[in-house]
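Residue numbers (the numbering used here), protein chains in the order written: chain G, 117 to 325; chain Z, 117 to 325.
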DNA sequence: CTCGCCGTTAACTGTTCGGTTAATCCGCTC
DNA sequence: GAGCGGATTAACCGAACAGTTAACGGCGAG
């Protein structure tokens, strides 16, 4: 189970912790399993990261930093709406392909430790400052589209949540969807590729006038 | 913290367990907390349900039984597509209003114990038999809509996942969306009410030709 | 009235787990 | 090649926790 014995032990521990926490959840993960997977003695975890909690925080920080900036950054830019959607889809689906369990992990952590992760998210991404910019720019575009009769009046938050619903939800709920609908990993990948192509049509169609 | 001292102790324990498991997750929940919340000695948990695991299973079974039958049953009926969507929205949003943390809980459990929950889902809902009916009926409707030029060619699984993305995802990700977008409980309720009215438009618009 | 039994409890047990400690290893410097 | 310091380990510790046990309470049957 040991990884390539890279020289940087600390990084190896963090990678192992990332895998184990995403597989078992923060509460379900065992430090021993992380140590084993890093090919290292359990005491080393505490040498580099003082507690399991701190290690979990480091992992959650990485996770948060991977999911949010892409989506929110792209939506806050000043590009045309359709192009924003294309970019979000391309960028996020690339990331999700490599980190398929990340959304489920984050939803779990936010569910069970909302305050903790709220604080963490704020230090990881300066959201409060940017929220006005994100919502503002997007809302103006939506208002213009509504004015032009192309979309019906639409709230920025509805569009953002819809986008995440299309992109992120299939990954977050992957094990559930596999059990309920028989949607296995191949089917999920295929669905992701369809979204890459048709996300703008789906979203713009959903809110079309 | 003790509930109304209802006569039926077993039911009271199950209710308490439901709340605690949904609040902390299966791995994070403590039997002591469940006992306290049920207003009962910890040993009684083991008297009625032999182990924490069995108790968690009972809770998960209830949870699965609440989320899936509504969605899948409505989509499998022989009503017109738009009416199916109206019914799914009405039925599921009623249920989600009363059980807002249920989707997050189920996503977590499926993520961390996929095999376990797959087995549980199969005993709770006879999906394998009905899957053909659900997919078949829905796919035929979608094919007919595509033939008539109203929708573009669409897979039943894409539509089901889209529906769940619109209805379930905002609840599953509620704490995350609150932290990231400032979407508090009131905003989420308002969004849910919008979905109740416009889900058919959203979904049919997304897949419109 | 009392015996038996289900429901309930306080106290206990064994184990798992996060965290600590003291010793060892090893590469570098002088 | 002695000594130093950071990296690493085996062994250990205490707390938290799921699960057990033995005793108790009260109520219905006889």
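Glycine is no exception: its CB is placed at the ideal position from the N, C-alpha and C atoms. These figures come from a predicted structure and were not determined experimentally.
(message) Could you check whether the Cβ of residue 130 of chain Z sits closer than 8 angstroms to any Cβ belonging to chain G?
(response) no
(request) Pick out the complete alpha helix (DSSP H) segments inside the stretch 195-235 of chain Z, 4 residues or longer, and give them in chain order. (result) 197-214 and 218-228
(request) Return no unless some Cβ of chain G is closer than 8 angstroms to the Cβ of residue 217 of chain Z. (result) Residue 217 of chain Z counts as touching chain G.
(request) Below 6 angstroms CB to CB, which residues in the same chain sit around residue 181 of chain G once its five sequence neighbours on both sides are set aside? (result) Counting only Cβ-Cβ distances below 6 angstroms, and skipping sequence neighbours, we find 240.
(request) Mind listing, in chain order, the continuous alpha helix (DSSP H) runs of no fewer than 4 residues lying wholly within the stretch 129-159 of chain Z? (result) 147-154
(request) Mind listing the chain G neighbours of residue 224 of chain Z? Cutoff is C-beta to C-beta under 8 angstroms, in chain order. (result) 141, 220, 223, 224, 227 and 228
(message) Is the beta carbon of residue 283 of chain G closer than 8 angstroms to that of residue 205 of chain G?
(response) Yes, these two residues count as a Cβ contact at 8 angstroms.
(message) Only counting the same chain, and skipping five residues up and downstream in sequence, which positions put a Cβ closer than 6 angstroms to that of residue 269 of chain G?
(response) 262
(request) Closer than 9 angstroms by beta-carbon distance: list the chain G residues that pair up with residue 191 of chain Z, in chain order. (result) None at all; the shortest Cβ gap to chain G is about 11 angstroms.
(message) With three or more C-beta pairs closer than 8 angstroms as the rule, is the stretch 291-300 of chain Z touching the stretch 234-249 of chain Z?
(response) no
(request) Please confirm whether residue 338 of chain Z and residue 138 of chain Z have their CB atoms less than 8 angstroms apart. (result) This structure leaves residue 338 of chain Z out entirely; chain Z is present only between 117 and 325.
(request) Could you confirm whether any beta carbon from chain Z is found closer than 8 angstroms to the beta carbon of residue 309 of chain G? (result) no
(message) Does chain G have any CB closer than 8 angstroms to the CB of residue 136 of chain Z?
(response) Taking CB atoms only, residue 136 of chain Z has no neighbour in chain G less than 8 angstroms away.
(request) Determine the DSSP secondary structure at residue 267 of chain Z, reduced to helix, strand or coil. (result) strand
(request) Keeping to the same chain, check which residues put their C-beta closer than 7 angstroms to that of residue 198 of chain Z; ignore five residues upstream and five downstream. (result) 316 and 320
(request) Report the neighbours of residue 287 of chain G on chain Z: residues whose CB is nearer than 8 angstroms to its CB, in chain order. (result) For residue 287 of chain G, no chain Z residue has a C-beta closer than 8 angstroms to its own C-beta; the minimum C-beta separation is roughly 10 angstroms.
(request) Name the two residues that bound the continuous alpha helix (DSSP H) containing residue 300 of chain Z. (result) For residue 300 of chain Z, no alpha helix (DSSP H) encloses it, and the DSSP letter there is neither H nor E.
(message) Is the beta carbon of residue 161 of chain G closer than 8 angstroms to that of residue 150 of chain G?
(response) yes
(request) Under the assumption that residue 223 of chain Z contacts residue 280 of chain G (Cβ atoms under 8 angstroms), give the Cβ distance between them as a whole number of angstroms. (result) Between residue 280 of chain G and residue 223 of chain Z the Cβ distance is about 14 angstroms, and since that is not below 8 angstroms, they are no contact.
(request) Use the C-beta contact count for residue 141 of chain Z: other C-beta atoms within 10 angstroms, 16 or more gives buried, fewer gives exposed. (result) buried
(message) Just to confirm the assignment, what range does the alpha helix (DSSP H) spanning residue 277 of chain Z have?
(response) 272-283
(request) List the residues of chain G that residue 184 of chain Z touches, going by C-beta distances under 7 angstroms, in chain order. (result) Residues of chain G whose Cβ lies closer than 7 angstroms to the Cβ of residue 184 of chain Z are, in chain order, 296.
(request) Please compile the residues from chain Z whose C-beta is within a distance smaller than 8 angstroms of the C-beta of residue 300 of chain G. (result) What residue 300 of chain G touches in chain Z: nothing, since even the nearest Cβ is about 11 angstroms away.
(request) Return the CA-CA distance between residue 302 of chain Z and residue 314 of chain Z, expressed in angstroms with no decimal places. (result) 18 angstroms
(request) Please go through the same chain and pick out, in chain order, the residues whose beta-carbon is closer than 8 angstroms to the beta-carbon of residue 164 of chain Z, but skip the five residues on each side of it. (result) 125, 126 and 129
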